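Below: one structure, written as structure tokens.
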Amino acid sequence: MKQLLNIGIKIIGIICLIATIIIAIIAYTHKIEILPTYLAIIFCGILFESYRISKESKSILYVLLCAYFISLIVFFPNEGKGVYHFEEKIKRLPYVLCFSYLIILIASHKKRIIPRLTEGVTLLLSVSFIYWLLSKQLLNFETWYSSIITIVTLLFSLISVINGLLLVKLSKLNRLILSVWSTIIVFVIGVDNFIDLMNYVSFDDHNGFSDTFKIAIQGFLFGMSSIYLVQNFFLLLLLVPSKEDKDNILFYENIGDHYGRYSESQVKRLFSIFCIIYCFVFFYLNYKIKILPVNTIIWIVTFTFPVILSIMIKIKDKIRKSKSIDF
């Protein structure tokens, strides 16, 4: 079986190699841009986060190979159309490749991609979401829809603050609520980030290193977060009961994924306070100085805070050990 699998992979690899050579020759002859700069940066972010999740370069290579092989379907002729536009199909290839890669990665690394959530992560996301709503001027009671958004946001943010600062028992219902709330935040901010990126058609439209650098950072971070964006989309989609799923098997399985991925361990109150201060400092400085786009600073804070916190914990543990040795 393993031998057949290896033969299959080799055949797919040869087909992909031949296809790549043909595509490259045609693209060079007709001066077609195969991979736009912004999409290349996004895909680099996807690959970086993929390796961070998998820790196995071989596994990522197999996913990429399968995704590329599947994406070659764009070159199949369309029924009912006499003219075959090869150039247009080449331009579609990288988009289909990105989508195929994300789907295969999520399907093959489901348990690793669904992040282990904690009270601290939900608190971090809640503070970030409040900042995002303020930047969009949606946190107010001026209209009926902004009033609903404000009430819902403040209610669930208050729940996350209470859970972060007080020793509230993390029951299954509590974990489910916090997990769904975290999923909604990641999905909404992710979609908004994607819309912002689509406004930047070309890097050539922006003058100066500063603008180009900001867009590059935004694209790379979106690439990293796109894996979770797609995963969270499926987590939200499966919360809606389907007619085809008569016994609601997928629905209850998804509910289990939500409270199952949420840690039952309580976050220390000091860490929650540090989280709020950390977010406030970065968001306030960015609000005043306007160095980076709102979505970019949110992803930076989201990705860096757990790293900073883990470093602080390690330093604290080392100091404690050194003191005990000295004693």
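Sequential numbering from 1120 applies to the sequence shown in this note's numbering.
All residues carry an ideal CB built from backbone N, CA and C; glycine is no exception.
As the structure is a computational prediction, the values presented were derived from the model and not from experiment.
Candidates the options: which alpha carbon is nearest residue i's?
| i | options | result |
| --- | --- | --- |
| G1379 | S1290, K1435, I1438 | S1290 |
| L1154 | I1133, C1217, A1186 | C1217 |
| L1358 | S1344, I1374, Q1350 | I1374 |
| K1333 | V1299, M1343, I1410, N1312 | I1410 |
| I1416 | E1168, I1209, F1339, K1129 | F1339 |
| Q1350 | N1405, I1304, D1330 | I1304 |
| G1309 | G1132, G1239, L1244, Q1122 | L1244 |
| T1156 | N1318, V1299, A1335 | A1335 |
| E1206 | Y1147, K1433, V1400 | Y1147 |
| I1392 | E1175, G1132, E1238, H1149 | E1238 |
| K1177 | H1149, S1266, R1439, I1128 | I1128 |
| R1211 | I1142, K1435, I1434, N1125 | I1142 |
| I1432 | K1387, V1400, S1265 | K1387 |
| H1204 | S1266, N1125, H1149, G1132 | H1149 |
Around the Cβ of residue i, are there at least 16 other Cβ atoms within 10 angstroms (buried) or fewer (exposed)?
| i | result |
| --- | --- |
| L1389 | exposed |
| F1446 | Unreliable positioning characterises F1446 in this predicted model, as indicated by a pLDDT of 41, which lies under 50. A coordinate reading is not provided. |
| H1228 | buried |
| Q1256 | exposed |
| H1377 | buried |
| S1384 | exposed |
| I1144 | exposed |
| K1437 | exposed |
| I1430 | exposed |
| T1272 | buried |
| L1285 | exposed |
| V1123 | For the sequence presented, residue 1123 should be read as Leu rather than Val. Exposed, since its Cβ has fewer than 16 Cβ neighbours within 10 Å. |
| L1274 | exposed |
| L1292 | exposed |
| V1299 | buried |
| L1404 | exposed |
Just to confirm before moving on: does the CB-CB distance between residue i and residue j stay below 9 Å?
| i | j | result |
| --- | --- | --- |
| L1428 | C1394 | yes |
| R1231 | I1172 | yes |
| L1252 | S1301 | no |
| Y1406 | S1276 | no |
| I1223 | C1163 | no |
| G1283 | L1258 | no |
| I1140 | L1191 | no |
| I1270 | L1297 | no |
| I1209 | I1151 | yes |
Assuming residue i and residue j make a contact with CB atoms under 8 Å, what is their CB distance in whole Å?
| i | j | result |
| --- | --- | --- |
| I1189 | S1219 | 5 Å |
| L1158 | P1213 | 5 Å |
| S1247 | T1421 | 6 Å |
| Y1381 | R1294 | 4 Å |
| D1330 | N1414 | Contact doesn't hold; Cβ gap of about 16 Å is too wide. |
| I1419 | S1169 | Contact flag wrong, Cβ pair sits at about 20 Å. |
| F1167 | M1343 | 6 Å |
| F1341 | I1161 | 6 Å |
| V1193 | V1215 | 5 Å |
| F1306 | F1352 | 6 Å |
| Y1187 | F1402 | Not confirmed; about 39 Å, so no contact. |
| Q1337 | P1412 | 6 Å |
In terms of residues, what are the limits of the alpha helix (DSSP H) holding residue i?
| i | result |
| --- | --- |
| F1306 | 1291–1317 |
| S1190 | 1176–1190 |
| R1380 | Counting along the chain, R1380 falls outside any alpha helix (DSSP H), and DSSP gives it neither H nor E. |
| L1274 | 1263–1284 |
| F1205 | 1205–1227 |
| L1404 | 1388–1408 |
| I1249 | 1238–1254 |
| F1168 | Before going on, a small fix: residue 1168 reads as Glu here, not Phe. Note, E1168: alpha helix (DSSP H), 1156–1173. |
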